[in-house]
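> Numbering-wise, the numbering used here comes out as the position in the sequence shown, counting from 1, plus 6. Just dropping this structure here.
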Amino acid sequence: MKVGIARERLLGERRVAATPETVRQLVGQGLDVSVESGAGAAAGHSDAAYAEAGAEVVPALDPAGVDLLAHVRPLHPATAAALRPGAVTVGLASPSTELPTVRALADAGVTAFALELVPRISRAQSMDALTSQALVTGYRCVLEAAIRLPRFFPLYMTAAGTVPPAKVLVLGAGVAGLQAIGTAKRLGARVSANDIRPASADEVASMGGTFVHLDVDSAEATQAAGGYARELSADRGALQRQLLAPHVAEADVLITTAAVPGRRAPLLVTRDMVAAMRPGSVVVDMAAESGGNVEGSVPGEDVAVHVAGGAGEVTVVGLKDAASAMPADASRLYAKNVANFIELLVPRGPGDGGEIRPDFDDEVVAGACLTHAGEVRHEPTAEALAALAATASAGSSVAAGAARRDGPPGIEDETEEGAG
Numbered sequence: 007m008k009v010g011i012a013r014e015r016l017l018g019e020r021r022v023a024a025t026p027e028t029v030r031q032l033v034g035q036g037l038d039v040s041v042e043s044g045a046g047a048a049a050g051h052s053d054a055a056y057a058e059a060g061a062e063v064v065p066a067l068d069p070a071g072v073d074l075l076a077h078v079r080p081l082h083p084a085t086a087a088a089l090r091p092g093a094v095t096v097g098l099a100s101p102s103t104e105l106p107t108v109r110a111l112a113d114a115g116v117t118a119f120a121l122e123l124v125p126r127i128s129r130a131q132s133m134d135a136l137t138s139q140a141l142v143t144g145y146r147c148v149l150e151a152a153i154r155l156p157r158f159f160p161l162y163m164t165a166a167g168t169v170p171p172a173k174v175l176v177l178g179a180g181v182a183g184l185q186a187i188g189t190a191k192r193l194g195a196r197v198s199a200n201d202i203r204p205a206s207a208d209e210v211a212s213m214g215g216t217f218v219h220l221d222v223d224s225a226e227a228t229q230a231a232g233g234y235a236r237e238l239s240a241d242r243g244a245l246q247r248q249l250l251a252p253h254v255a256e257a258d259v260l261i262t263t264a265a266v267p268g269r270r271a272p273l274l275v276t277r278d279m280v281a282a283m284r285p286g287s288v289v290v291d292m293a294a295e296s297g298g299n300v301e302g303s304v305p306g307e308d309v310a311v312h313v314a315g316g317a318g319e320v321t322v323v324g325l326k327d328a329a330s331a332m333p334a335d336a337s338r339l340y341a342k343n344v345a346n347f348i349e350l351l352v353p354r355g356p357g358d359g360g361e362i363r364p365d366f367d368d369e370v371v372a373g374a375c376l377t378h379a380g381e382v383r384h385e386p387t388a389e390a391l392a393a394l395a396a397t398a399s400a401g402s403s404v405a406a407g408a409a410r411r412d413g414p415p416g417i418e419d420e421t422e423e424g425a426g
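Set out below in structure tokens:
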């Protein structure tokens, strides 16, 4: 069976779904691998390296000609529709925001696996792409802050005087947040962090940070299934921002990493909180692409916020394509996640090999399945599609009713005349 690796089309995306190392892994499973020419160039992998690893390098990959398509970014609906019935896809799918693609996958009879849906259990850790890419993003966001901060991160004691260390505050202590804490600490900054999950305090301390305790988590459960954070209610969110304000004002660098899977990122920092920081301070919003933790952040842009009551500005960095900015290691980790998941789809036994037959009795396979046999298997996504269809149907009914009332030009007048 043929596994296809396409060149990513999205502007700014430099990662690739397979490396020469993982091509060898897949070929070792008895699979044929076709790699589109140039697919790994931005990540440092030449066509010759793929060919040497056992892949066939093709000028252009035809989606209809592969049994399994591995990808990084969510597929375009047209690409999904071009896949043959029974084909398999493995990659990041962003099902909550890419509903047209999900619909196209189901309509095409494609079995699609979304790596965001891989269960967070120990056996699936090697397939957890969210974790591997968050590791890259957490590291990168600290570098982005360090480049823009007009001062050193570490303490320096010189003959000309002492330079105090920068104060870094990290909001959100998931994988990305913990990586940000560790990176800032290694650069010599004084690091503190907060997360609504009480269990995060020990993890922050293990990375060398100081946990900021806020009295907002005692009144409601703050941890969802799989260890993810649960979004606070409106009043608790407001209290959290109020209690965070003085800590934000004292920070030279603020890094926000809070996310709730499948939903808009929670607002943690208002513009007024940013304006209360010292001139020259830097804010990096890692969640800018999913709505933003910081009010006014714009994905891919630096926004200047004037400091309240004085001269100077704070720079708000809306992080975008952070993992793609480090394509070599991001691809190394992501491609391994993909290859490990594909291995799970290849039966192991006498006479087996070279085939892809998903075992839906396996909780990892079943949990990651987005579409299969014309159905959307992920319940929240199926509900979102049903709601979208209902809205569209209601809109069509209203439009049809209006058309019946108004009629084509001249019809209404004729009817009235006939009735009279």
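Here a beta-carbon is modelled for each residue, glycine too, at the ideal position from N, C-alpha and C.
Mapping the DSSP letters down to three states, classify Phe-159 as helix, strand or coil.
Within the sequence shown, residue 159 is the residue found at index 153, counting from 1. Reduced to three states, the DSSP call for Phe-159 is coil.
> Report all residues from its chain with a CB closer than 6 Å to the CB of Val-304; omit the five preceding and five following residues, and keep chain order.
Looking up residue 304 in the sequence shown gives position 298. Cβ within range, chain order: Gly-324.
> Exposed or buried, which one is Ser-399 when buried takes at least 16 other CB atoms within 10 Å?
Here residue 399 refers to the residue found at position 393 when the sequence shown is read from its first residue. By the 10 Å Cβ count, Ser-399 comes out exposed.
> Out of Gly-180, Asp-308 and Val-29, point me to the one whose CA is closest to Asp-201's CA.
By 1-based counting over the sequence shown, the position of residue 201 is 195. The option with the nearest alpha carbon to Asp-201 is Gly-180.
> Between Gly-302, Gly-297, His-312 and Val-320, which lies nearest to Gly-286 when the distance is taken from Cα to Cα?
Along the sequence shown, read from residue 1 onward, the residue named residue 286 stands at position 280. Closest option to Gly-286, Cα to Cα, is Val-320.
> Extract the residue ranges of the beta strand (DSSP E) inside the segment 97 to 163, only unbroken runs of 3 or more that lie entirely within it.
Listed in chain order, the complete beta strand (DSSP E) runs (minimum 3 residues) inside the segment 97 to 163 are 117 to 120.
> In the DSSP output, which residue or residues are listed as bridge partners for Ala-199?
As a first step, residue 199 is located in the sequence shown; it is residue number 193 there, counting from the start. Its beta-bridge partners are Val-176 and Phe-217.
> Roughly how many whole angstroms lie between the Cα atoms of Phe-119 and Val-22?
Against the sequence shown, residue 119 aligns to sequence position 113. Against the sequence shown, residue 22 aligns to sequence position 16. Roughly 17 Å between the two C-alpha positions.
> Label Gly-92 either buried or exposed according to how many other C-beta atoms from any shown protein chain fall within 10 Å of its C-beta, with 16 as the threshold for buried.
Taking the first residue of the sequence shown as 1, we reach residue 92 at position 86. The residue is exposed, with fewer than 16 neighbouring Cβ atoms inside 10 Å.
> Which residue's Cα is closest to the Cα of Gly-194: Asp-208, Arg-157 and Asp-221?
What you label residue 194 is simply residue 188 of the sequence shown in a count that begins at 1. Nearest of Asp-208, Arg-157 and Asp-221 to Gly-194, Cα basis: Arg-157.
> With a Cβ-Cβ cutoff of 8 Å, do Thr-276 and Arg-242 count as a contact?
For the purposes of this step, residue 276 is identified with residue 270 of the sequence shown, where counting begins at 1. For the purposes of this step, residue 242 is identified with residue 236 of the sequence shown, where counting begins at 1. Contact: no.
> I'd like the span of the beta strand (DSSP E) that includes Leu-37, first residue to last.
Position 31 of the sequence shown, counted from the first residue, corresponds to residue 37. Segment: none, Leu-37 is in no beta strand (DSSP E) and carries neither H nor E.
> Between Val-309 and Met-279, is the Cβ-Cβ spacing less than 8 Å?
On the sequence shown, position 303 is the one that residue 309 refers to. On the sequence shown, position 273 is the one that residue 279 refers to. Taking 8 Å as the Cβ cut-off, Val-309 and Met-279 do not qualify as a contacting pair.
> Please list, in chain order, all residues of the same chain as Glu-19 whose beta carbon is under 8 Å from its beta carbon, the five residues on each side excluded.
Sequence index remark: in the sequence shown, residue 19 carries index 13 (1-based). Once the five neighbours on either side are set aside, the close Cβ partners of Glu-19 are Val-78, Arg-79, Asp-327 and Ser-330.
> In whole angstroms, what separates the C-alpha of Ala-293 from that of Val-197?
Here residue 293 refers to the residue found at position 287 when the sequence shown is read from its first residue. Here residue 197 refers to the residue found at position 191 when the sequence shown is read from its first residue. Each residue's Cα considered, the two are about 20 Å apart.
> For the alpha helix (DSSP H) containing Val-181, name the first residue and the last one.
The residue labelled residue 181 in the question sits at position 175 within the sequence shown. Run containing Val-181: 181 to 192, per the alpha helix (DSSP H) assignment.
> Would you tell me roughly how many angstroms separate the C-alpha atoms of Ile-261 and Glu-122, rounded to the nearest one?
Position 255 of the sequence shown, counted from the start, is the residue given in the question as residue 261. Position 116 of the sequence shown, counted from the start, is the residue given in the question as residue 122. Cα to Cα, Ile-261 sits roughly 23 Å from Glu-122.
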